[in-house]
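First the structure, in the form of structure tokens, and then the observations on it.
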Amino acid sequence: YREKVLSELSRRRELAREQIEHLIHHRDRLATAFERARLAATDVVGDLDEFDELADEIEKSVGLMSGVSSPAFVDHTADPEAIPQRNMIVSGSDSDSNQELSGAGSIHDEVESEASSIDDVDLSGVVEPDDDSGSHPNESLETDEGESHKAAVKAEHPSTEQSTDRMAEVVHLFGPKKASHLSQPSDEVGESQEAPMESSVKEETPKPIRAVEKKSVDELFARLREAKVEDVARTLAETPKRVTPTAEDSTVVDRPRKIVVPLTNPALFEQRDTVLAPINIAMASTAKRVLADFENGALTLLQMKKFAVSMDTLVPSAEAMTQELVEAIADDLMNAALAGAQSVARGLKADLRKRVTKTLVLQVVSPQVAELIVTPLRMQLQRSIEQCNADKNEMSGLTRSAFRELKIQRIDMITSDLSCLAYGRGSYLALSPGSQICWIVDPNGPSCADAEDNSLAGPCSVGDEFPTGHLHPTCHGGCRCLISPVGD
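Written out as structure tokens, the structure is:
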């Protein structure tokens, strides 16, 4: 149980580390997005400043070009027939031009009245001028009257009117703040033709208006930058919620394990140990008897005078030794396998024998016999041969020591492992293909990371391998795990 808790804690620690790495990664992405937004806003502001400078230069050039223009006057005295009459409609006239025309008519009436009053003046008191200055005062009066009449007619003439025609309208290219600058030339022309009292009026400077408008534009772009940055931040803030739902993932991973992995049932292990105890004793005795036969044959050969000490002549080949051992303990292995089949399947022993055959059981047990018994024994005998240097007496003592160590110290544990392997093999063969099984760890057995992985993997179908690559227990020397159908 302690090993299981430690493995679970290590797994949770790895999950926490991965989540922290995800958070750091998304934090870096958020900082990069903010930096990109800041650079983009800086570029936009710089472009706008350059655009304002270019607009100011264009404005100045347009103002200079419009400032040199002046109204054109047409002299109609050369062609009297081209003079427009009163009943003609003046193009572009407005209320101001009508008032000026009426004013010219009133001036003409006043001039005629003054001329008539001059005719009524008593000339008796007037001294006649000399011949040099002119002898005809009536002619001078007529001259004055003609000049006044001409002045009235001239005032009435369209060419003598004040410049009341409107200047050509300027198209505002850069917004309302540019119109004040473009309208300055027309104002200057009007001031040159107006009375001195009107020319004293000062024009309003457009600088405050421009400053206010510029400030409003800066505020607008500031709001746009804030909106863009907030959108980017909101988008990046929502992304980790979809990618790394840490709390939910941990709960989802844990739930199937709590439901699927069966609880440890000590009764199953007690039942197995009870069934295998006599089988282990019988199997160990049989294996020791076979090993004793191998030892006696080797010692007999060493007592012969003409015997040459070598591995090939001292003991049989590895395959022959393995086959002889397996055949000796085959009955005990089949008893263990049938006991395992009965633990997971209900039925007659004859029916179980059809599924749990001797060939299928020995197919997995024979390699273990060769690996656990035959191979280590032959390696030790080979070292003894090399150590004795063809001394038969010394070789006899080393041979007795090798077999004695195997029979006394290791054969009981080896036969116990073989019986547990046969028990698990029988349980596996008794289940129908496709059935769901779970790997159960013996609480009293040795701790093993592979067994924990198989147990935490959940259910597995018969025919599929567990995470360690095994189909059924055992997965290593000393393993005491079991398999159990899901639901038992």
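Here this note's numbering is used: position 443 in the sequence shown is 452, and no number is missing along the way. Yeah, the Cβ is synthetic: ideal placement off N, Cα and C, and Gly gets one too. Bear in mind that the values here come from a model prediction, so they are computed numbers and not experimental data.
*Between alanine 348 and histidine 34, what straight-line distance do the alpha-carbon atoms span, to the nearest angstrom?*
56 Å
_Assess contact between the segment 359–376 and the segment 460–479, defined as three or more Cβ pairs (one per stretch) separated by less than 8 Å. Is contact present?_
Short answer: they don't touch.
*For proline 468, which beta-bridge partners are listed by DSSP?*
BP columns for proline 468 are empty, so no partner.
*Nearest-angstrom Cα separation, counted from cysteine 447 out to valine 383*: 33 Å
_Quick test of the definition: if touching needs 3 or more C-beta pairs under 8 Å, does the segment 474–486 touch the segment 427–446?_
The segment 427–446 and the segment 474–486 touch, with three or more beta-carbon pairs separated by less than 8 Å.
_Using a 10 Å radius around the Cβ and a threshold of 16 neighbouring Cβ atoms, would you call glutamate 151 buried or exposed?_
Since pLDDT at glutamate 151 reaches only 47, below the 50 mark, its modelled position is unreliable, and no value is offered.
*Which term fits aspartate 140, buried or exposed, when burial requires 16 or more other beta carbons within 10 angstroms of its beta carbon?*
Low per-residue confidence applies at aspartate 140: pLDDT is 45, beneath 50, and the placement is therefore not dependable, though the value from the model is reported in the following sentence. By the 10 Å Cβ count, aspartate 140 comes out exposed.
*Should alanine 25 go down as buried or exposed, given a rule of 16 or more other Cβ atoms within 10 Å for buried?*
exposed
_Distance, aspartate 302 Cα to glutamine 391 Cα_ = 19 Å
*Quick one, which of Ala345, Leu285 and Leu300 has its alpha-carbon nearest lysine 416's?*
When the alpha-carbon of lysine 416 is set against those of Ala345, Leu285 and Leu300, the nearest one is in Leu300.
_According to DSSP, is serine 493 part of a helix, a strand, or is it coil?_
strand
*Can you tell me the Cα-Cα spacing of proline 385 and glutamate 17, whole angstroms?*
37 Å
*Can you list the alpha helix (DSSP H) stretches of 4 or more residues lying completely in the segment 285–334, in chain order?*
320–323
*Just how far apart, CA to CA, sit proline 455 and aspartate 282?*
15 Å
*Could you tell me if arginine 498 is buried or exposed, where buried requires 16 or more neighbouring beta carbons within 10 angstroms of its beta carbon?*
The structure shown does not extend to residue 498, since the chain is modelled only from 10 through 497, so no value can be given for it.
*For cysteine 447, which beta-bridge partners are listed by DSSP?*
Ser493
*Check each candidate in Glu59, Arg234, Val54 and Phe412 and name the one with the smallest Cα separation from alanine 46.*
Cα-wise, what sits closest to alanine 46 is Arg234.
*Given a threshold of 16 other Cβ atoms within 10 Å of its Cβ, counted over all protein chains shown, does methionine 313 qualify as buried or as exposed?*
exposed
_Helix, strand or coil at threonine 366 [DSSP, three-state]_ = coil
*By how many angstroms is the C-alpha of leucine 369 removed from the C-alpha of alanine 354?*
Approximately 18 Å, taken between the alpha carbons.
_Considering just the uninterrupted stretch of the alpha helix (DSSP H) at isoleucine 432, what are its terminal residues?_
The amino acid occupying residue 432 in the given sequence is tyrosine; isoleucine does not appear at that position. It spans 420–439 - the alpha helix (DSSP H) in which tyrosine 432 sits, taken as one unbroken run.
*Put alanine 359 into one of helix, strand or coil per three-state DSSP.*
helix
*asked:* On the DSSP letters alone, give me the boundaries of the alpha helix (DSSP H) that lysine 401 sits inside.
replied: 401–414
*In angstroms with no decimal places, state the Cα-to-Cα distance between isoleucine 394 and cysteine 457.*
37 Å
_Rounded straight-line distance, which links the Cα of isoleucine 492 to that of glutamate 12_ = Separation of glutamate 12 and isoleucine 492 (C-alpha to C-alpha, rounded to the nearest whole angstrom) is 19 Å.
_Quick check: the Cα distance between arginine 36 and alanine 346, rounded to an integer number of angstroms?_
Spanning the two alpha carbons is a distance of roughly 58 Å.
*When burial is assigned at 16 or more other CB atoms within 10 Å of the CB, is threonine 424 buried or exposed?*
buried
*When we look at the beta-carbon of serine 19 and count the other beta-carbons within 10 Å, is it buried (16 or more) or exposed?*
exposed
*Shortest alpha-carbon distance to arginine 489 belongs to which of Met422, Leu438 and Ser444?*
Met422
*Under 7 Å from any heavy atom of the ligand ADP, does the C-beta of aspartate 421 make it?*
As presented, the structure is devoid of all ligands, the ligand ADP included, so that no description of it is given.
*Roughly how many angstroms lie between the CA atoms of glutamate 328 and asparagine 344, to the nearest whole one?*
Separation of glutamate 328 and asparagine 344 (C-alpha to C-alpha, rounded to the nearest whole angstrom) is 24 Å.
_Starting from glycine 477, trace the alpha helix (DSSP H) in both directions and tell me its first and last residue._
The question names glycine, but residue 477 is threonine in the sequence shown. No alpha helix (DSSP H) holds threonine 477; DSSP gives it neither H nor E.
*Output yes or no for whether 8 Å exceeds the beta carbon distance between phenylalanine 412 and glutamate 333.*
no
*asked:* Tell me the rounded alpha-carbon separation between alanine 291 and aspartate 340.
replied: 10 Å
*Could you give the distance in angstroms between the alpha-carbon of asparagine 274 and the alpha-carbon of glutamine 418?*
Their backbone Cα atoms lie some 31 Å apart in a straight line.
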